[in-house]
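Asks: After the structure tokens below, expect a handful of questions from me.
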Amino acid sequence: MKKLFTLFTIFLTALSSNAQITQNNLFGDLNKDGKVTVSDVMMLVNIVMNGQKNLSLNAENVSVTIDKSYTVTIISGYGKYTAVSSDESIAEVSLEGSTITITGKAAGTVVVTVTDQITDSCMEINVTVTEDIIPYLACPDDHHPHMIDLGLPSGTKWACCNVDTDHPENQSPTNYGGYYAWGETETKSTYKWSTYIHCNGTDDTCHDLGSDIAGTQYDVAHVKWGDSWQMPTRDQISELLNNTTFTWTSKNDVIGIQFTSVNGGSIFMPAAGYRNDSALGNKGLNGNYWSSSQLPSNLSIAYDLDFGSGSAYIYDDGFRNFGQSVRPVVSSSIVANLHISSATLSIFVGDVESVEITSGSGSYAVESSDESVATATIQNNIITVGAVTAGTATITVTDTQSSQTATISVTVSGNLVINGNC
Ligand SMILES: [Zn+2]
């Protein structure tokens, strides 16, 4: 009844004003052209008949890498918008029709404010721009290290090169990468118990650094390459051996082993040998690559990947004071954090909206806290939310592999709702 009364009031105002009133925020000037005219009445009729077109976007949290773009679509609104980045040096924004293109320029975070010029209502898109850490089957360019996707069950990605090298397939025999004693993060000239910082000078005085040092201050891959890189665990090395075939080969005159997966991904590891005291042993004959895992029964030993011509094994024989190679990995738990495109939804009874799962393991379940308000179904990485009756409900999204959850707060309304201003 109130809607009809408002409609009638605007209709009378439009007729009596003869389209000459030009105040800002004029009551009844729905299309914000400074005048109350028949077109405002038509807009109101449209609102009453079809429901108000609240400004809504298909994504409110966006992650994009440098020089790549992400497209956000304006799902509903009145067709006249602006989109502004809070910092164009981090992310640029362009708008064409109802398509917003966000392009990463530098690592950082920005807010993109989208305004419906007709209603002045606005929404914000939180944008995170990150360095390019997309997994590849092989190095796509010379900007190493790359994450190589070997299609491993855990989702672990392996680096294309060793710590302290930046050319996986051009590693000269004089540049195999750094040799590290287990748990140390600096190279040195002499590798023996008396120079090993995690003991008191002898093999039976080794300090307990924990059962696994991946991701800790003792993890040279983590310390030198940053957050998402770690030394491989014993299990991750086993997984590599169990899910790839290896070939003893040479690349650019460097002898080593190539692990190849059925998905077409492959990594090459040079037979870099190891350092004991001041000598470099077995160069060109063996590779000795640390795991992050400590042998439980003997603090002087950690597990490592040892390979030579015709063999590759995980061994429990790596004396921690030896200098050995480190090939970093990125664990799936870091790659596949559950992330959804929107944490809130505001929809009208009878409408259906989609929320995208932008990262995760690929295996998900959804559940609505109140199916009588909103239903939720999932297909691949698209969650479809259906509005049943006015009210609120929470949709819980679960990554069934990692057990991570994310929630979507859904507000279902059957009446006119005006968005608040940003
Ligand atoms: Zn690479």
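Counting in my numbering, the sequence shown runs from 27 upward without gaps. Beta carbons are placed, not taken as given, at the ideal position from N, Cα and C, and that holds for glycine.
Alpha carbon to alpha carbon, what distance is there between residue 67 and residue 166?
Replies: Along the sequence shown, read from residue 1 onward, the residue named residue 166 stands at position 140. Along the sequence shown, read from residue 1 onward, the residue named residue 67 stands at position 41. Their Cα atoms are separated by approximately 58 Å.
Asks: Just how far apart, CA to CA, sit residue 313 and residue 379?
Replies: Here the question's residue 313 lines up with position 287 in the sequence shown. Here the question's residue 379 lines up with position 353 in the sequence shown. Approximately 53 Å, taken between the alpha carbons.
Asks: Between the Cα of residue 429 and those of 330, 210, 364, 299, spot the shortest distance and give me the residue it belongs to.
Replies: The count along the sequence shown starts at 1 and reaches residue 429 at position 403. Closest option to residue 429, Cα to Cα, is 364.
Asks: What residues match up with residue 533 in a beta bridge as DSSP calls it?
Replies: Here the chain covers residues 27 to 448 and nothing more, so residue 533 does not appear.
Asks: Is the closest heavy atom of ligand 1 to the C-beta of residue 171 under 7 Å?
Replies: Here residue 171 is taken as the residue at index 145 of the sequence shown, counted from 1. At least one heavy atom of ligand 1 is nearer than 7 Å to the Cβ of residue 171, so yes.
Asks: So what's residue 66 in DSSP terms, helix, strand or just coil?
Replies: The sequence position of residue 66 within the sequence shown is 40, counting from 1. Residue 66: helix per DSSP, three-state reduction.
Asks: Suppose contacts are defined by Cβ-Cβ distances below 8 Å. Is residue 383 in contact with residue 413 by that definition?
Replies: For the purposes of this step, residue 383 is identified with residue 357 of the sequence shown, where counting begins at 1. For the purposes of this step, residue 413 is identified with residue 387 of the sequence shown, where counting begins at 1. Contact: no.
Asks: Going straight from the alpha carbon of residue 291 to that of residue 420, what length do you get?
Replies: Taking the first residue of the sequence shown as 1, we reach residue 291 at position 265. Taking the first residue of the sequence shown as 1, we reach residue 420 at position 394. Their Cα atoms are separated by approximately 40 Å.
Asks: Would you kindly work out how many angstroms separate the C-alpha atoms of residue 120 and residue 148, rounded to a whole number?
Replies: Here residue 120 is taken as the residue at index 94 of the sequence shown, counted from 1. Here residue 148 is taken as the residue at index 122 of the sequence shown, counted from 1. C-alpha separation (whole angstroms): 16 Å.
Asks: CA-CA distance, residue 175 and residue 104?
Replies: The residue labelled residue 175 in the question sits at position 149 within the sequence shown. The residue labelled residue 104 in the question sits at position 78 within the sequence shown. Taking the straight line joining both Cα atoms gives about 44 Å.
Asks: Just list the residues that DSSP pairs residue 174 with in beta bridges.
Replies: By 1-based counting over the sequence shown, the position of residue 174 is 148. Answer is 162, 184.
Asks: So which of 335, 301, 127 has the shortest CA-CA distance to residue 295?
Replies: Position 269 of the sequence shown, counted from the first residue, corresponds to residue 295. The candidate whose alpha carbon is nearest that of residue 295 is 335.
Asks: What are the boundary residues of the alpha helix (DSSP H) that residue 118 is part of?
Replies: Counting from one through the sequence shown, the residue named residue 118 turns up at place 92. From DSSP, residue 118 is part of no alpha helix (DSSP H) but of the beta strand (DSSP E) over 117-122.
Asks: For ligand 1, is there any heavy atom lying closer than 7 Å to the beta carbon of residue 165?
Replies: By 1-based counting over the sequence shown, the position of residue 165 is 139. Result yes, Cβ under 7 Å from ligand 1.
Asks: Should residue 148 be listed as close to ligand 1, given that the test is whether its C-beta is under 7 Å from any heavy atom?
Replies: For the purposes of this step, residue 148 is taken as residue 122 along the sequence shown, with counting starting at 1. Answer for residue 148: no, Cβ out of range of ligand 1.
Asks: Going along the chain, which residues of its own chain have a beta-carbon closer than 6 Å to the beta-carbon of residue 418, five neighbours each way excluded?
Replies: Working through the sequence shown from its first residue, we reach residue 418 at position 392. 437.
Asks: So within the segment 265-307, which uninterrupted beta strand (DSSP E) runs reach at least 3 residues, ignoring any that extend past its ends?
Replies: Listed in chain order, the complete beta strand (DSSP E) runs (minimum 3 residues) inside the segment 265-307 are 271-277, 280-286, 292-296, 300-302, 305-307.
Asks: Relative to the C-alpha of residue 422, which candidate in 432, 269, 324 has its C-alpha closest?
Replies: The count along the sequence shown starts at 1 and reaches residue 422 at position 396. Per the Cα distances, 432.
Asks: Over what stretch of residues does the alpha helix (DSSP H) that includes residue 402 continue unbroken?
Replies: For the purposes of this step, residue 402 is taken as residue 376 along the sequence shown, with counting starting at 1. Looking at the DSSP string, residue 402 is not in any alpha helix (DSSP H); the run it does join, the beta strand (DSSP E), is 400-405.
Asks: Provide the residue(s) that pair with residue 205 in DSSP beta bridges, ordered along the chain.
Replies: The residue given as residue 205 occupies position 179 in the sequence shown. The partner list for residue 205 (beta bridge, DSSP) is empty, contrary to what the question assumes.
Asks: Taking C-alpha atoms, which residue in 91, 251, 315, 83 lies nearest to residue 101?
Replies: For this step, residue 101 is matched to residue 75 along the sequence shown. Among 91, 251, 315, 83, the Cα nearest to that of residue 101 is on 83.
Asks: Grouping DSSP H, G and I as helix and E and B as strand, with all else coil, what is residue 263?
Replies: Taking the sequence shown and counting its residues from 1, one reaches residue 263 at position 237. If DSSP states are grouped into helix, strand and coil, residue 263 belongs with the helices.
Asks: What does the alpha-carbon distance come out to for the pair residue 122 and residue 88?
Replies: Taking the sequence shown and counting its residues from 1, one reaches residue 122 at position 96. Taking the sequence shown and counting its residues from 1, one reaches residue 88 at position 62. Near 18 Å, if we compare the C-alpha coordinates of residue 88 and residue 122.
Asks: Using 8 Å as the Cβ pair cut-off and three pairs as the minimum, do the segment 224-238 and the segment 139-146 touch?
Replies: They do not touch, by the three-pair rule.
Asks: Quick check: what's the CA-CA separation for residue 99 versus residue 381?
Replies: Indexing the sequence shown from 1 puts residue 99 at position 73. Indexing the sequence shown from 1 puts residue 381 at position 355. So the two alpha carbons sit approximately 12 Å from each other.
Asks: If you run the structure through DSSP and keep just helix, strand and coil, what is residue 191?
Replies: The residue you call residue 191 lines up with position 165 of the sequence shown. If DSSP states are grouped into helix, strand and coil, residue 191 belongs with coil.
Asks: Pairing CB atoms from the segment 203-221 with CB atoms from the segment 383-403, are three or more of them under 8 Å?
Replies: Touching, no, given that fewer than three Cβ pairs across the two stretches are closer than 8 Å.
Asks: Thinking just about the alpha-carbon of each residue, which of 153, 91, 85, 95 is nearest to the one in residue 111?
Replies: Here residue 111 refers to the residue found at position 85 of the sequence shown. Ranking 153, 91, 85, 95 by Cα distance to residue 111 puts 153 first.
Asks: In its own chain, which residues sit with a C-beta less than 7 Å from the C-beta of residue 47, not counting the 5 before and 5 after it?
Replies: Residue mapping note: residue 47 aligns to position 21 of the sequence shown, counting from 1. The predicted model places residue 47 with a pLDDT of 36, which falls under 50 and marks its position as unreliable, so this point remains unresolved.
Asks: Mind checking whether residue 262 and residue 272 have CB atoms under 8 Å apart?
Replies: Counting from one through the sequence shown, the residue named residue 262 turns up at place 236. Counting from one through the sequence shown, the residue named residue 272 turns up at place 246. It is not a contact, given that the beta carbons lie outside the stated cut-off.
Asks: Do residue 225 and ligand 1 come close, with the Cβ less than 7 Å from some heavy atom?
Replies: Taking the sequence shown and counting its residues from 1, one reaches residue 225 at position 199. Every heavy atom of ligand 1 is 7 Å or more from the Cβ of residue 225, so no.
Asks: Got a sec, what are the start and stop residues for the alpha helix (DSSP H) residue 375 sits in?
Replies: The count along the sequence shown starts at 1 and reaches residue 375 at position 349. Residue 375 -> no alpha helix (DSSP H), and no H or E assigned at all.
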